[in-house]
């Protein structure tokens with residue numbers, strides 16, 4: 001017996017429903033409707049429970065993350081490390097089986113999902129990574145990268161804008177190995193999709209360059225689903241398979257919104273068992289399903305064994321390529337990456353003022369040569385964000401699949417979710433780029449990268465009112481606070497080329513997503529900057545009052561405002577006021593230092609503290625306290641030449657000096 | 001002569017190009033390509049420069065906000081209050097002619113644009129408002145609301161997800177009076193749209209329930225454009241008119257990305273004048289264009305005069321309806337709205353614990369009866385966000401256009417941008433609702449509502465780790481910091497029903513957008529809560545050390561954590577520690593109080609201060625300083641029953657007590 005049969009389907013349905021019931025929390029509706037497509041897919045997908053990290057496995061994204069109970073049931077039935085006890089413990093404290101699928105939490109989960117729509121963009125990221133790596137490494141005689149990406153989504157995901165962005169891009173890119181299974185049950189939380197979603201989804205996908213297939217009876221037609229999947233695999237476009245299902249199939253509330261997100265109740269489960277002819281007790285995997293799974297797992301393991309033979313052949317015939325593939329796969333970065341900063345110390349001996357976005361561009365060119373697995377691009381702003389790897393040539397396209405400069409189009413949200421999946425896929429180091437103010441569009445996916453601890457690099461330029469004439473819609477104010485408050489996200493706002501180089505090194509050599517927050521306007525090259533960034537904040541220029549052995553006042557700034565506090569320091573010294581200049585490119589890195597270091601930089605005894613940053617003051621009082629002050633921006637910016645806006649908002653040496661003096665009076 | 005001729009077109013082109021040149025900043029490409037469609041539209045659109053606020057004017061959204069120079073040129077040529085001097089002052093400090101069009105900055109700008117894609121959602125909001133108000137107020141014999149909404153967008157807007165969301169919804173709603181002019185020039189900043197945007201846009205719109213028209217030669221075919229617009233007006237579906245144009249038409253860099261966002265230069269302008277046969281000097285409006293505009297303005301004024309006669313007839317025949325329409329139009333709220341809080345004081349005499357989302361639902365029902373122009377809904381979460389106005393019945397649909405409960409579908413970003421335009425349209429008080437964690441998806445449009453000062457109400461429920469089992473993807477942590485840091489946005493996190501009522505009143509009676517941040521779990525009704533919210537923070541329960549006449553420690557909390565610090569106060573008092581309990585539902589309101597009040601609540605002398613909030617501590621040090629502490633969440637949440645997560649993260653009476661004691665040791 002194979003796993004492709006109604007018994008497996010019902011096993012999955014009842015495991016999921018009973019897990020939800022045990023938790024008294026969760027979503028039974030999708031699992032019951034989507035169990036058939038999941039069965040058809042998983043029993044024919046290329047994956048090996050004995051090694052969930054097999055590099056050439058097919059990728060599966062549960063974009064409808066609220067269907068987690070189905071995913072955990074699949075993992076259990078197919079032999080992954082999820083036990084019946086784990087299912088019984090669904091959504092409980094420290095359970096493997098969290099409320100929504102969490103990447104890194106248990107093997108077999110490719111990406112964290114739940115926030116709707118992003119899973120479809122993740123799917124595009126996985127498929128894009130596969131296609132690029134395949135083009136890069138496969139040979140005419142040996143293919144080592146050759147897998148599909150499957151996404152299971154519902155009506156909800158397809159209404160989200162991020163999904164539409166990703167779908168349009170996937171069509172342009174011709175990602176033929178991306179297959180989306182659309183659990184089309186016409187029900188969302190408020191009721192029928194007729195209320196708000198009457199578009200012709202299939203026609204929309206065709207318009208976006210996809211192939212479209214339909215399975216009319218997704219509740220029982222396993223063969224129909226399987227043959228649609230097989231057909232989808234054979235085309236050179238991405239494919240949407242619309243599979244018509246009944247939400248909560250078999251349950252008393254089948255086909256209604258009521259079954260979406262509430263447990264069925266004991267009576268509901270009993271009635272459903274009656275209806276579906278399921279005579280088993282709670283949390284049962286019938287022996288024939290276990291037996292079939294055991295058989296299937298043998299074949300799955302053999303598949304990987306065959307692939308291992310392939311990779312061995314590849315290694316022997318193409319040793320250099322293999323070495324590179326292997327290094328990429330292990331996320332190995334070149335030794336001595338940190339020397340990039342030294343390289344720049346030499347390279348920039350001319351001390352020419354540069355916008356940090358331009359500094360970043362120069363560093364990126366060096367990195368492009370040093371870190372071959374670097375891949376990235378911008379949401380149609382490469383020339384402005386200085387994010388193009390020049391020596392890599394033409395961007396990725398259908399006809400140039402080895403291009404590592406990526407054109408995301410004007411789709412910030414999808415771009416970011418795609419980059420997350422490119423990293424999660426393995427083998428690549430993705431970066432994305434955009435105007436900092438539009439990090440607002442990217443935030444939902446940045447949050448997930450932080451939750452997943454994926455070191456995606458976000459090049460965010462045009463970082464303040466220094467944007468000038470484009471005005472308040474394009475001038476970030478609160479975006480630094482927004483990023484700094486994301487748990488596990490690293491915000492870096494360097495003040496010159498040396499700090500920008502250090503920021504790039506830091507971004508690439510740790511395990512959090514990061515943003516390089518870079519300016520549009522030229523900044524001078526300062527003395528003493530650079531590796532101090534690694535500690536988040538450091539004394540750039542000291543001035544000590546001989547009477548106290550301490551500075552009178554602490555001046556703290558990041559990015560383009562460091563230059564300003566340096567000038568203020570000099571002017572204050574003329575008035576015999578001793579100000580310490582502290583460059584603080586990263587609050588997060590500073591917060592992670594030992595207390596002794598923090599005390600060294602910000603001595604508790606010195607309460608006259610002034611932070612200067614062309615952004616919302618929100619968050620700065622952690623460093624300046626009740627007795628300090630912040631020169632920041634509590635309003636929106638303004639449309640005018642940058643110098644004028646800085647002046648209007650108080651970013652002048654005179655104002656900084658006056659504010660510092662005010663703290664001492 | 002009418003304004004519909006090539007001379008007007010070229011006038012607009014050169015005014016725009018010369019404004020950009022004078023500023024040495026801005027975008028000449030779109031104005032030159034889109035001047036013909038703008039001319040055809042504006043010379044036939046219903047609007048009256050003598051009264052930019054005519055309620056029944058057609059609405060125009062420059063979704064491609066970087067085309068601001070074209071918009072300002074239109075305003076000048078058509079007789080609005082924008083002078084040649086203003087055009088010459090484009091993008092300068094305090095100029096009327098800001099870098100991107102800013103609502104409220106000068107008359108004739110319907111909405112702030114620039115962040116791409118949102119303008120299309122704004123268009124949907126304008127058209128939806130019109131259709132609702134028309135259904136509500138028009139009579140078989142007299143129509144007082146009867147106008148169109150036009151959006152001008154480019155390839156950029158159409159790639160953004162928010163636009164796709166709005167397009168899909170507009171199709172479902174059948175907003176026949178929405179007409180989008182698509183400036184299809186196939187160029188974005190990185191180059192040809194072939195790089196990232198090869199979808200069949202027309203087919204996508206058809207799939208979404210739109211009519212589609214095309215003008216093959218948008219560079220010169222004014223009659224073709226006009227007849228397409230006329231045709232679009234006659235259908236009962238929204239219409240996309242794809243108008244093929246040449247970016248930077250007539251200039252040396254026509255048809256290339258190089259002309260998108262850089263001034264042409266003196267030579268470029270000279271060459272363009274040569275090419276287009278324009279013999280005029282700088283900033284010239286030829287006499288015949290001025291004359292034609294004067295004629296056109298007479299007709300425009302007559303149109304409004306005719307409408308005024310209609311409204312007078314309406315007033316006399318339907319005085320009650322007129323009175324209501326007039327009140328709505330003037331944004332008049334019922335007197336005594338604040339009594340809602342009193343109503344609840346009586347209503348909730350039973351003191352039953354309630355989640356603030358449920359409190360909000362009860363208040364909303366009262367408001368639905370009191371504020372008839374209230375209109376709103378949720379991104380498919382009405383049952384969970386408790387945001388349905390029950391007495392208002394069935395939601396808005398094609399067949400029920402007087403429905404004021406709105407089904408936005410799972411489209412948070414478009415929902416928010418739509419609500420912005422509904423308010424900007426006039427006559428309505430929109431609210432939107434969603435899970436707080438997904439305010440991340442809404443943020444880009446919330447920012448614009450703050451910039452525009454539109455008092456849209458955002459009902460944000462499931463506001464913390466109290467979400468419980470759904471886990472970290474659904475548990476907000478940093479969202480409070482994100483909203484609090486937006487300039488001009490009002491964040492309200494009430495602790496019980498009385499504060500929730502006060503929060504609703506505050507949200508409706510001031511001029512900022514606001515978020516009601518509400519919890520999922522039941523909270524007790526506390527004594528002394530309510531109108532103190534109006535000041536942002538207040539002493540809920542005092543405890544004074546007789547020795548000092550001051551409290552020993554200040555405990556500050558918002559929302560669900562107020563209950564916790566009250567319990568901690570009692571326990572501390574057992575140990576003879578006097579803790580003041582401060583409820584701080586709104587940092588923004590508190591910051592706006594006079595210093596004397598701030599000192600009264602948070603006396604400078606008392607440095608032992610503990611803030612307790614189930615969210616990122618980011619931002620709280622403004623109130624607790626260097627000597628205080630925050631019980632907050634610096635990581636992500638966890639998937640488990642809510643009580644367990646609160647305990648794990650330190651939100652227990654014992655921990656609060658221990659932390660408070662720690663401050664005193």
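Residue numbers (this note's numbering), protein chains in the order written: chain A, 1 to 665; chain B, 1 to 665.
A virtual CB, placed ideally from N, CA and C, is assigned to each residue, including glycine.
Following the DSSP letters along the chain, one finds residue 6 of chain A inside the alpha helix (DSSP H) bounded by residues 6 to 23. Within the segment 151 to 239 of chain A, complete alpha helix (DSSP H) segments of at least 4 residues are found at 155 to 159, 161 to 173, 201 to 207, 222 to 233, given in chain order. When DSSP states are grouped into helix, strand and coil, residue 324 of chain B belongs to the helix group. Looking at A:137, A:141, A:174, A:123, the one whose alpha-carbon comes closest to that of residue 149 of chain A is A:123.
Taken in chain order, the complete alpha helix (DSSP H) segments of 4 or more residues contained in the segment 616 to 664 of chain B are 621 to 624, 642 to 648, 653 to 664.
Three or more beta-carbon pairs drawn from the segment 632 to 648 of chain A and the segment 469 to 478 of chain A are found closer than 8 angstroms, and the two stretches are therefore classed as touching. Here residue 108 of chain B carries a coil assignment [DSSP, helix/strand/coil]. For residue 392 of chain B, no Cβ of chain A is located within less than 7 angstroms of the residue's own Cβ. Residues of the same chain with a CB within less than 7 angstroms of the CB of residue 381 of chain B, apart from the 5 flanking positions on each side, are 433, 434, 435 in chain order. Under a criterion of Cβ atoms nearer than 8 angstroms, the residues of chain A adjacent to residue 198 of chain B are, in order, 171, 172, 209. When the five nearest sequence neighbours on each side are left out, the beta carbons in the same chain lying within less than 6 angstroms of the beta carbon of residue 361 of chain A are those of 386, in order along the chain.
Only those residues of the segment 612 to 627 of chain A whose C-beta falls short of 7 angstroms from the nearest C-beta of chain B are listed: 616, 618, 619, 621, 622, 625, 626. Interface flag for residue 424 of chain A against chain B is unset, since no Cβ pair is found closer than 7 angstroms. Runs of beta strand (DSSP E) with 3 or more residues, each lying fully within the segment 350 to 416 of chain A, are found at 374 to 378, 405 to 407, listed in chain order. Residues are counted here when their Cβ sits less than 9 angstroms from a Cβ of chain B; for the segment 4 to 24 of chain A these are 23, 24, given in chain order. In the structure shown, residue 130 of chain B falls within a helical segment according to DSSP collapsed to helix, strand and coil. By the CB criterion at 7 angstroms, residue 31 of chain B and residue 65 of chain B fall outside the cutoff. Per DSSP, the unbroken alpha helix (DSSP H) holding residue 562 of chain B starts and ends at 562 to 574.
In this structure, A:403 is the residue among A:295, A:46, A:403 with its C-alpha nearest to the C-alpha of residue 134 of chain A. Apart from the 5 residues on each side of it in sequence, residue 425 of chain B sits with its Cβ closer than 6 angstroms to the Cβ of 126, 129 in its chain, given in chain order. In the structure shown, residue 577 of chain A adopts coil according to DSSP, grouped into three states. For residue 294 of chain A, the secondary structure class from DSSP, reduced to helix, strand or coil, is helix. For the options B:88, B:170, B:508, the alpha carbon positioned closest to that of residue 237 of chain B is the one of B:170. Within chain B, no residue has its beta carbon less than 7 angstroms from that of residue 552 of chain A; the closest one is some 17 angstroms off. Its chain contains 9, 12, 13, 70 as the residues whose beta carbon lies nearer than 7 angstroms to that of residue 35 of chain A, once the 5 sequence neighbours on both sides are disregarded; these appear in chain order. Shown here, residue 530 of chain A sits in coil according to DSSP, grouped into three states, outside any helix or strand. Residues of chain A whose Cβ lies closer than 7 angstroms to the Cβ of residue 485 of chain B are, in chain order, 478, 481, 482, 616, 618. Put simply, the CB of residue 492 of chain B is far from chain A, with every gap to its CB atoms at 7 angstroms or more.
Note on geometry: alpha-carbon atoms of residue 398 of chain A and residue 465 of chain A lie some 39 angstroms from one another.
In this structure, residue 260 of chain A keeps its C-beta atom at 7 angstroms or more from the C-beta atom of residue 161 of chain B. Under the DSSP definition of a beta bridge, residue 545 of chain B partners with B:550. With contacts defined by Cβ atoms closer than 7 angstroms, residue 543 of chain A and residue 570 of chain A do not form a contacting pair.
For the C-beta of residue 440 of chain A, the chain B residues within less than 7 angstroms are, from N- to C-terminus, 443, 444, 447.
Using a C-beta cut-off of 8 angstroms, the segment 558 to 566 of chain B makes contact with the segment 583 to 591 of chain B, since at least three inter-stretch Cβ pairs fall below that distance. Excluding the 5 residues flanking it on each side, residue 83 of chain B has same chain C-beta neighbours closer than 8 angstroms at 76, in chain order. Under a 10 Å Cβ-count criterion, residue 1 of chain B is classified as exposed, with fewer than 16 other Cβ atoms of the shown protein chains found around its own Cβ.
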